[in-house]
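**Q**
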Amino acid sequence: MGLGEVLEEIRSVSCESWQLTDDALASSLIEVCSAIHGFEALRYRLISDMNERGAVPSGYTGVAAWLACNTSLNTREAVRIERRADALRSSPEVRAAFEADDICADHAAMVINFMERPPAAMPAEAAPAALKFLLDAARDRDTRVLRGAVVKLKQVFETDDPPPAEDLDRNEFFASPTSNGRVLLKGDVDAETGEMLLSALSPLSKPRPTSDAEPDRRTPAQRRADAFTEVLRRYHDAACGPDEGNERPHLHVHINANDLVDKSGSGKPAADRGAYQEMFAATDVGWTPWMGPLSVDTVRRLACDCTLSPILLDENGTPIDLGRTTKVISRKLRRALVARDHGCAFPGCGRPPSWCDGHHVKHWADGGPTDLDNLVLLCRFHHRMIHHSGWQVVMGEDRHPWFIPPVQRDRFREPIPANNRGAPVPA
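Numbered according to my numbering, the sequence shown spans residues 13 to 439.
1. Figure out for me which residue from E137, I115 and A132 has the closest Cα to the Cα of L146.
2. Tell me whether A90 sits in a helix, a strand or coil according to DSSP, three-state version.
3. Identify whether I428 lies in helix, strand or coil by the three-state DSSP scheme.
4. Taking only beta-carbon atoms, is A150 less than 8 Å away from chain B?
5. So, with DSSP's three-state summary, where would you put I341?
6. Return the first residue and the last residue of the beta strand (DSSP E) that E184 is part of.
7. Taking all protein chains shown into account, do 16 or more other C-beta atoms lie within 10 angstroms of the C-beta of S29, making it buried, or fewer, making it exposed?
8. DSSP state of K144, grouped into three classes?
9. Measure from the alpha carbon of A109 to the alpha carbon of each residue in R421, A150 and D202, then state which is nearest.
10. Is M208 helix, strand or coil when you go by DSSP?
11. Whose CA, out of E226, A212, A233 and P221, lies closest to the CA of R245?
12. Does the beta-carbon distance from H394 to C356 come in below 8 Å?
13. Give the secondary structure of I6 by DSSP, where H, G and I count as helix, E and B as strand, and everything else as coil.
14. Can you say whether Y247 is buried or exposed, counting buried as having 16 or more other CB atoms within 10 angstroms of its CB?
15. Would you kindly work out how many angstroms separate the C-alpha atoms of A239 and T83, rounded to a whole number?
16. Please report how far the alpha carbon of I59 lies from the alpha carbon of F51, in whole angstroms.
17. On a CA-only basis, which of W403, L306 and P104 is nearest K144? Give me that one, please.
Next comes the structure, spelled out in structure tokens:
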């Protein structure tokens with residue numbers, strides 16, 4: 013029976029699991045897991061053979077691209093699988109152990125990673141013994157056993173020149189977009205880089221109690237993430253990075269101008285009328301080159317204080333005219349904002365101006381002017397709050413910003429004066 017016939021037989025198998033006894037259910041699950049491992053090993057070998065023969069169909073950049081277009085795998089997963097297949101091809105001993113179901117794919121990858129980047133002091137003649145030592149440890153299903161074996165080998169072969177903590181060749185940093193639109197960060201850096209990072213994060217990740225002495229409810233991990241975001245924001249604001257195509261580093265966000273206009277008063281949402289397809293068709297999002305979609309609310313917040321590069325598109329989204337770049341908030345105007353608001357104007361905040369964005373009270377996309385009477389300084393936290401949580405800011409007759417809380421906080425929605433104009437109110 014050929015491979016195609018075997019696969020067809022498997023697809024036709026049906027399992028009425030509710031009819032199985034407890035013992036049969038358990039044994040069936042083990043058999044299925046073993047079969048999946050076998051097919052995974054076969055997939056790695058087929059990918060390896062395709063690469064070795066150069067058998068990728070024309071029109072595709074590689075096996076991963078071909079798989080992503082012809083299977084349910086997404087591009088990221090296809091690339092991961094192809095890399096693992098190539099790694100197994102480079103180590104016949106590890107591949108044999110994996111195909112024999114002696115070790116799992118993750119353990120195989122750990123062994124290969126160590127053997128490809130062994131300690132600097134490990135002699136070549138020690139490699140076979142080290143590989144056997146690691147494979148023996150990898151056969152234990154507890155990953156901690158294999159990690160312990162790796163640590164032992166590093167301790168045996170490490171030297172003091174250079175110390176591991178100062179070896180720049182070991183530095184790694186991964187920033188991987190995930191399927192839900194976020195970014196997974198993972199890294200391993202030397203002591204000096206780590207010290208710079210921790211020194212930058214430490215003062216920005218301290219607990220931030222509210223003005224009425226309530227504790228900061230963010231977890232330590234959340235505080236560090238907020239601090240990391242603030243470090244990046246200050247870097248971009250300072251324009252201290254290298255030019256990229258004769259431009260200072262900044263964010264590129266693409267969105268149709270009509271979608272930036274506030275449609276909150278356009279009537280009852282389509283979803284409330286049951287017209288979901290109409291709502292889906294009418295809803296658009298912003299788009300960033302690295303991360304993809306952003307909500308319109310977030311784009312409106314980012315557009316409050318930025319450099320705008322208008323691009324005219326036709327009905328198919330094709331650029332037909334490029335506009336001139338214009339500064340939305342000039343340095344002179346920002347200095348006037350600082351002189352009036354002194355920092356974040358949100359009641360009870362007052363964070364320094366260097367932490368703040370210029371927020372349009374009436375968004376520029378809705379026809380709001382870029383002048384002092386339509387701008388307010390807000391820190392990143394409160395800028396996000398204004399755009400996403402029901403708070404509103406208006407300009408009073410005194411030409412200072414006033415803040416209107418959501419109805420859940422104050423059913424009368426009484427305006428609250430800016431931070432430097434009245435008693436502090438916790439955010």
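The beta-carbon is built from N, C-alpha and C at its ideal position, and this holds for glycine as well. Only a predicted model underlies this, so the values are computations on that prediction, with no experimental measurement involved.
**A** Reading from the atomic positions:
1. For the purposes of this step, residue 146 is taken as residue 134 along the sequence shown, with counting starting at 1. The candidate whose alpha carbon is nearest that of L146 is I115.
2. Taking the sequence shown and counting its residues from 1, the one referred to as residue 90 is at position 78. Residue state, collapsed to three classes: helix.
3. Numbered from its first residue, the sequence shown carries residue 428 at position 416. DSSP places I428 in strand when its eight states are reduced to three.
4. Annotation note: the requested chain B is absent from the structure, which comprises a single protein chain.
5. Here residue 341 is taken as the residue at index 329 of the sequence shown, counted from 1. Here I341 sits in coil by DSSP.
6. Within the sequence shown, residue 184 is the residue found at index 172, counting from 1. In this chain, the beta strand (DSSP E) harbouring E184 covers E184 to P189.
7. Here residue 29 refers to the residue found at position 17 when the sequence shown is read from its first residue. Its Cβ having fewer than 16 others within 10 Å, S29 is exposed.
8. Within the sequence shown, numbered from 1, the residue matching residue 144 stands at position 132. K144: helix per DSSP, three-state reduction.
9. Taking the first residue of the sequence shown as 1, we reach residue 109 at position 97. Of the candidates R421, A150 and D202, the one whose C-alpha sits nearest the C-alpha of A109 is A150.
10. Here residue 208 is taken as the residue at index 196 of the sequence shown, counted from 1. It is helical.
11. Looking up residue 245 in the sequence shown gives position 233. Nearest C-alpha to R245: A212.
12. Stepping through the sequence shown from its first residue, residue 394 is reached at position 382. Stepping through the sequence shown from its first residue, residue 356 is reached at position 344. In this structure, C356 lies closer than 8 Å to H394 by Cβ.
13. Not covered by the structure: residue 6. The range shown for the chain is 13 to 439.
14. Reading the sequence shown from its first residue, position 235 is the one you call residue 247. With fewer than 16 Cβ atoms within 10 Å of its Cβ, Y247 is classed as exposed.
15. Reading the sequence shown from its first residue, position 227 is the one you call residue 239. Reading the sequence shown from its first residue, position 71 is the one you call residue 83. Distance between the alpha carbons of A239 and T83 is about 40 Å.
16. By one-based count along the sequence shown, residue 59 stands at place 47. By one-based count along the sequence shown, residue 51 stands at place 39. Rounded to the nearest angstrom, the two C-alpha atoms are 12 Å apart.
17. The residue labelled residue 144 in the question sits at position 132 within the sequence shown. Of W403, L306 and P104, the residue nearest in Cα terms is P104.
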